[in-house]
Amino acid sequence: MNTLEQKGHHIDHSKANIYLQLNNVSGEYFSNKPNPDPDLPDGWRRLDGKHIKGTNFKGVLFTNGEEYAFVFLGTDVKSPKDWAANAQMSLGSSNTQCKQAVEFCEDMLSAYNIDPSKVTAVGNSEGAREVIEVLQQTPIKNGVTFNGYMRVDKADYPPENFKNLVNYRTEKDIISKCGKTIGKDFIVPVKDEVNLKPVYEIIQSHRIDNIDKITNKNAIPAKEYASVTGKKFKNKYGEGILTPEEIGGIPKELYPIVDADVNERLQKGAVANEAYNQIFMPLDEVPDSIFNNSEEYIFEWVSEPDSCEKCRQLDGRRYKRFEDIPEIPHPNCKCRLKLIAK
256 MNTLEQKGHH IDHSKANIYL QLNNVSGEYF SNKPNPDPDL PDGWRRLDGK
306 HIKGTNFKGV LFTNGEEYAF VFLGTDVKSP KDWAANAQMS LGSSNTQCKQ
356 AVEFCEDMLS AYNIDPSKVT AVGNSEGARE VIEVLQQTPI KNGVTFNGYM
406 RVDKADYPPE NFKNLVNYRT EKDIISKCGK TIGKDFIVPV KDEVNLKPVY
456 EIIQSHRIDN IDKITNKNAI PAKEYASVTG KKFKNKYGEG ILTPEEIGGI
506 PKELYPIVDA DVNERLQKGA VANEAYNQIF MPLDEVPDSI FNNSEEYIFE
556 WVSEPDSCEK CRQLDGRRYK RFEDIPEIPH PNCKCRLKLI AK
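Quick note on our numbering: the sequence shown kicks off at 256 and runs consecutively.
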């Protein structure tokens, strides 16, 4: 059986390390200085690939002669096109990159006369959403994701299409907690040295190159993780009330992804006000969902201690309307807005 061999309810997780390595090295083919010969798992080679610059879609096809893996890359943080795709996905909908992933797979299956049962679709973060679309719309039904963004409308994505989808997530990853996933979820460890980094919970835990070697012992079903480890663990943002630690610590780079989910939860009264109040954002990076619903908030100007005199004079001032907020005093201003739900 392709993907992760399943015997009854048992999944052989050791094979996940092959897909993780393929996922990790795929970006080297598309960097500013491409590496045509990255370190691949034994016996594996790159068969084909595609980069569509108009959308920044990136996909690679690997094979070991018997099996195949389509790998879809996660967000390039420097690409506005990827962030635009993320914004679409935050609403639970597909996007152009997802459609291009489907077309890429269909073209490769035909060009190389590949048996779909021998194929695994692999992706991390944004790329995981492309995996879902491939499993939904093509004959490929085996999938593996790492810290994936999986927000979908389950009514449009029947579970029978995702029986062989396995999702690996790290305990404190933010992105994979947004929305309800489909498939089988397992929590896996990060490398020991990552725990020492102060931003571990925010950024480092999402990076798949920080995932430690996956084994049958350390891959724990997400639903059982709290009881097995004895840790306080929230599997999804949809479970219980969001806390200040979960919301206030989200970096601005992740707003386009988590914004829709947080706002949806806020409307349902499932976000503690004190948590939402801790969201700070740069003055020139207010998400559309906030701007278009500005009557729901009070905005407080927050300046840094080393700010200029003009900025310090604005520190702490509150505005009931978004249009009342003064223009940014000067280029490269580091002042922020604090959102306070009315």
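Think of the CB as a built atom: it goes at the ideal place given N, C-alpha and C, for glycine as much as any other residue.
Ends of the alpha helix (DSSP H) at residue i?
i, result
"residue 310", "Counting along the chain, residue 310 falls outside any alpha helix (DSSP H), and DSSP gives it neither H nor E."
"residue 417", "Element bounds for residue 417: n/a, residue is neither H nor E."
"residue 362", "351-366"
"residue 273", "271-281"
"residue 565", "564-569"
"residue 483", "480-484"
In angstroms with no decimal places, state the Cα-to-Cα distance between residue i and residue j.
i, j, result
"residue 426", "residue 273", "21 Å"
"residue 387", "residue 420", "9 Å"
"residue 483", "residue 471", "14 Å"
"residue 476", "residue 266", "11 Å"
"residue 661", "residue 382", "Examination of residue 661 is not possible in this model, given that the chain is present from 256 through 597 alone."
"residue 268", "residue 399", "11 Å"
"residue 301", "residue 414", "31 Å"
"residue 407", "residue 359", "21 Å"
"residue 561", "residue 585", "14 Å"
"residue 591", "residue 568", "14 Å"
"residue 373", "residue 466", "26 Å"
"residue 366", "residue 303", "10 Å"
"residue 299", "residue 558", "53 Å"
"residue 307", "residue 570", "45 Å"
"residue 309", "residue 378", "20 Å"
"residue 436", "residue 290", "33 Å"
"residue 526", "residue 430", "Here the model assigns residue 526 a pLDDT of 44, short of 50, so the residue's position is not dependable, and the following value carries that caveat. About 17 Å."
"residue 369", "residue 280", "23 Å"
"residue 364", "residue 288", "29 Å"
"residue 275", "residue 319", "15 Å"
Go ahead and label residue i buried or exposed: buried means 16 or more other beta carbons lie within 10 angstroms of its beta carbon, across all protein chains shown.
i, result
"residue 461", "buried"
"residue 576", "exposed"
"residue 423", "buried"
"residue 286", "exposed"
"residue 573", "exposed"
"residue 322", "buried"
"residue 411", "exposed"
"residue 362", "exposed"
"residue 278", "buried"
"residue 428", "buried"
"residue 485", "exposed"
"residue 582", "exposed"
"residue 589", "exposed"
"residue 270", "buried"
Determine the closest residue to residue i out of the options, with distance taken between C-alpha atoms.
i, options, result
"residue 311", "360, 276, 356 and 271", "356"
"residue 440", "479, 459, 415 and 468", "479"
"residue 417", "443, 475, 395 and 317", "395"
"residue 579", "475, 290, 553 and 561", "553"
"residue 329", "574, 397, 269 and 315", "315"
"residue 251", "327, 397 and 372", "No information on residue 251 is available, as it lies outside the stretch 256 to 597 that the chain covers here."
"residue 282", "582, 463, 592 and 486", "463"
"residue 438", "445, 429 and 397", "397"
"residue 473", "459, 489, 583 and 445", "445"
"residue 432", "275, 489, 318 and 377", "489"
"residue 555", "593, 313, 377 and 368", "593"
"residue 313", "288, 375, 385 and 320", "385"
Could you give the residue range of the beta strand (DSSP E) that holds residue i?
i, result
"residue 395", "Note, residue 395: premise wrong, no beta strand (DSSP E); not H, not E."
"residue 323", "323-327"
"residue 575", "Per DSSP, residue 575 belongs to no beta strand (DSSP E) and is neither H nor E."
"residue 379", "374-379"
"residue 439", "439-443"
Using only the heavy atoms of the ligand SAM, determine whether one of them is closer than 6 Å to the beta carbon of residue i.
i, result
"residue 296", "Questions concerning the ligand SAM fall outside what the structure shown contains, since it holds no ligand whatsoever."
Are the C-beta atoms of residue i and some chain C residue less than 7 Å apart?
i, result
"residue 361", "Looking at the structure shown, chain C is missing, and only one protein chain is on hand."
Pair every Cβ in the segment 397-404 with every Cβ in the segment 348-367, then say whether three or more of these pairs are closer than 8 Å. no
Touching by the beta-carbon criterion (3+ pairs, under 8 Å), the segment 283-302 and the segment 381-398: no
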